[in-house]
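Note that our numbering has the sequence shown beginning at 13, numbered continuously upward. Quick reminder that beta carbons are idealized off the backbone N, C-alpha and C, glycines included. What follows is a single structure, written as structure tokens, with notes after it.
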Amino acid sequence: MNAKQKERKRPQSESFDKLDLSPVMRRALEKAGFEKPSPIQAELIPLALDGYDVIGQARTGTGKTAAFSIPILEQLDSLEDCRDPQAIIVVPTRELADQVGREIKRLAVGVPTEVVVLAGGRNIRQQLRQLENGAQIVVGTPGRLHDHLQRRSLRTKDVWCVVLDEADRMLDIGFRPQIERILRRCPRDRQTLLLSATLPDSVRRLAESYMQEPEVIDCCQNEMSVDTIEQHYFTVAQDKKLDLLLRLLEREQPEQAIVFCRTRRGTDRLWRALSKKHRACAAMHGDMAQRERDRTLSSLREGSLKILVATDVVGRGIDISTISHIVNFDVPEDSDDYVHRVGRTGRMGRDGVAFTFIVPGQGDFLTGIEQRINKLLIRDSIEGMEPEKKVEAEPESVGEKPKRNLNPMRRKVTRRR
Ligand code: ADP
Ligand code: MG
Numbered sequence: 013m014n015a016k017q018k019e020r021k022r023p024q025s026e027s028f029d030k031l032d033l034s035p036v037m038r039r040a041l042e043k044a045g046f047e048k049p050s051p052i053q054a055e056l057i058p059l060a061l062d063g064y065d066v067i068g069q070a071r072t073g074t075g076k077t078a079a080f081s082i083p084i085l086e087q088l089d090s091l092e093d094c095r096d097p098q099a100i101i102v103v104p105t106r107e108l109a110d111q112v113g114r115e116i117k118r119l120a121v122g123v124p125t126e127v128v129v130l131a132g133g134r135n136i137r138q139q140l141r142q143l144e145n146g147a148q149i150v151v152g153t154p155g156r157l158h159d160h161l162q163r164r165s166l167r168t169k170d171v172w173c174v175v176l177d178e179a180d181r182m183l184d185i186g187f188r189p190q191i192e193r194i195l196r197r198c199p200r201d202r203q204t205l206l207l208s209a210t211l212p213d214s215v216r217r218l219a220e221s222y223m224q225e226p227e228v229i230d231c232c233q234n235e236m237s238v239d240t241i242e243q244h245y246f247t248v249a250q251d252k253k254l255d256l257l258l259r260l261l262e263r264e265q266p267e268q269a270i271v272f273c274r275t276r277r278g279t280d281r282l283w284r285a286l287s288k289k290h291r292a293c294a295a296m297h298g299d300m301a302q303r304e305r306d307r308t309l310s311s312l313r314e315g316s317l318k319i320l321v322a323t324d325v326v327g328r329g330i331d332i333s334t335i336s337h338i339v340n341f342d343v344p345e346d347s348d349d350y351v352h353r354v355g356r357t358g359r360m361g362r363d364g365v366a367f368t369f370i371v372p373g374q375g376d377f378l379t380g381i382e383q384r385i386n387k388l389l390i391r392d393s394i395e396g397m398e399p400e401k402k403v404e405a406e407p408e409s410v411g412e413k414p415k416r417n418l419n420p421m422r423r424k425v426t427r428r429r
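Structure, rendered in structure tokens:
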């Protein structure tokens, strides 16, 4: 593959304005509540609009569907001009096919758009009828798409874009032959977009044979690192946070820890309180002179500093592989900041653990983080530190699941209050 992994400056993803989208698309995004593009969207959309083949590496939950759907919708011919499919989106599961179909329709509001979902296990007659009535975008699973190709009900002569979503997963479950047949049946000068969480050899080979000089986007770095980190949360009353932190440090005996606070003043206050018990402790925030910040960082690097209390400003750049613990003493402003904070530990394959303090009423924030990282945080507790309400012991009824249960449904019930 002649992949051009050139030094591309990462576009700042602060707004959709920069992406040069049509007014109707802007309205659809607004209606969908999308305020700013996710990193994969900020990078993939302009390249796809320019006609490049693109390999996008990004994990689940980072907005890949809109990343490939927006450029397709922006360039679609109307049904009057073209009755046969112009774009085919291949996904590994039926559920995903439905979900992608729904998301595309949501982004297509304002322009009549025919999206047909061709998933296995569904009524094929209805699918045949829909294709016959005209389709602009087809979303399907490899087996069923292939089936329609065999029946000649799915015509590919007008296809200008093929998307392989979750390519690694599709190859994992043995869809390679069908995917290859689909790709071979589509016009050679089409555009191919491939989305994958990882780039194993199997995906590279597929890309080599079926793509033309693809651009490679890797949005996985942050997400990847937080994936290997054990992430816990505590529910705690606001006025017990300091006690909880002291008890936690005692329990964990961290090699090195960063404790994140939201404000500069809060950072100073916590640092003063902590330094009474811990000597190798420092604070760092945006009010401090650069020289002082540099000095603090280098003592963190050489290991003489054990605990750093900091704001998000400094959280971003720190790359020190010996940091074993992250404590979110205050919840971060948004879930992206969470990923950045937590990404300060568990670097280069080392183990890391992160603790987030949630005060009653911040349950939604916790849910936001979990959606962002696509993973549930583990509930943790230290005796005597739970907020009042929680102390009334839950009845240990017969057959109740063990305390550290990760069943998402159960977690949702216990958390909200
Ligand atoms: P992925 O394919 O990467 O797993 P999805 O495309 O399914 O992720 O998106 C996950 C969720 O995020 C969906 O509910 C989607 O509507 C939403 N979403 C996507 N892009 C944005 C955005 N720019 N702003 C807000 N929400 C978004
Ligand atoms: Mg997806």
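Once you ignore the five residues that flank residue i on each side, which residues in its own chain have a CB closer than 7 Å to its CB?
i	result
Y222	L195 and T204
V123	V36
G133	R106
S393	F246
A405	Low per-residue confidence applies at A405: pLDDT is 43, beneath 50, and the placement is therefore not dependable, though the value from the model is reported in the following sentence. So no residue of the chain qualifies.
S34	E86
G155	G132 and Q190
A79	I52, Q53, L56, I57 and G68
E264	H337
S287	C293
G146	L91, R95 and E126
G380	S347
P399	T247, V248, A249 and P372
E26	K48
I332	L312 and R313
E395	none
Does residue i pass the burial test, meaning 16 or more other C-beta atoms within 10 Å, or should it be called exposed?
i	result
E126	buried
E178	buried
G63	exposed
G152	buried
I82	buried
A44	exposed
N135	exposed
S50	buried
E408	Confidence is the limiting factor: at E408 the pLDDT is only 39, short of 50, which leaves the residue's position unreliable, though a coordinate-based value still follows. Looking at its Cβ environment, which holds fewer than 16 other Cβ atoms inside 10 Å, E408 is exposed.
T279	buried
P212	exposed
D29	exposed
N419	Here N419 scores only 33 on pLDDT, less than 50, and its place in the model should not be relied on; the value that follows carries that caveat. Per the 10 Å Cβ criterion, exposed.
V403	Since pLDDT at V403 reaches only 42, below the 50 mark, its modelled position is unreliable, and the value read off the structure follows with that caveat. Exposed, since its Cβ has fewer than 16 Cβ neighbours within 10 Å.
D180	buried
E262	exposed
Could one say the Cβ of residue i lies closer than 9 Å to chain C's Cβ atoms, at least one of them?
i	result
P51	Structure shown: chain C not included; a single protein chain is present.
State yes or no: is the C-beta of residue i within less than 9 Å of the C-beta of residue j?
i	j	result
L320	A301	no
V102	T77	no
I335	A285	no
S433	Q148	Absent from the model: residue 433. The displayed extent of the chain is 13 to 429, so no value can be given.
K318	H297	no
V66	V248	no
D96	V174	no
L10	L218	The requested residue 10 is not part of the displayed model; the chain covers only 13 to 429.
L41	L157	no
T308	F272	no
R303	Y350	no
I116	C198	no
K253	F341	yes
R313	D299	no
V129	D110	yes
A209	A60	no
V121	R38	no
If I measure Cβ to Cβ from residue i and keep anything under 8 Å in the same chain, skipping five residues before and after, which residues do I get?
i	result
E242	D363, G364, V365, A366 and I390
H244	V365, A366, F367, T368, L389, I390, R391 and D392
S311	A294 and L317
M397	F246, V248, K252, D255, L256 and R259
P266	K318, I319, S336 and H337
T74	S50, P51, I52, C231 and E235
Skipping 5 residues on each side, what residues in its chain have a beta carbon closer than 6 Å to that of residue i?
i	result
G68	I52, L56, L207 and I229
L183	S214
R274	D342
F11	With the chain covering only 13 through 429, there is no way to say anything about residue 11.
Q224	D65
S142	The amino acid at residue 142 is misidentified as Ser; the sequence shows Gln. V128, listed in sequence order.
Which parts of the region 59-145 are runs of the alpha helix (DSSP H), unbroken and 4 residues or longer, counting only runs that do not cross its ends?
-> Runs found: 76-86, 106-119 and 136-145.
Quick one: complete alpha helix (DSSP H) runs, 4+ long, within the region 279-350?
-> You should have 302-314 and 324-327.
Contained alpha helix (DSSP H) runs [length at least 4] in the region 190-236, N- to C-terminal order = 213-222
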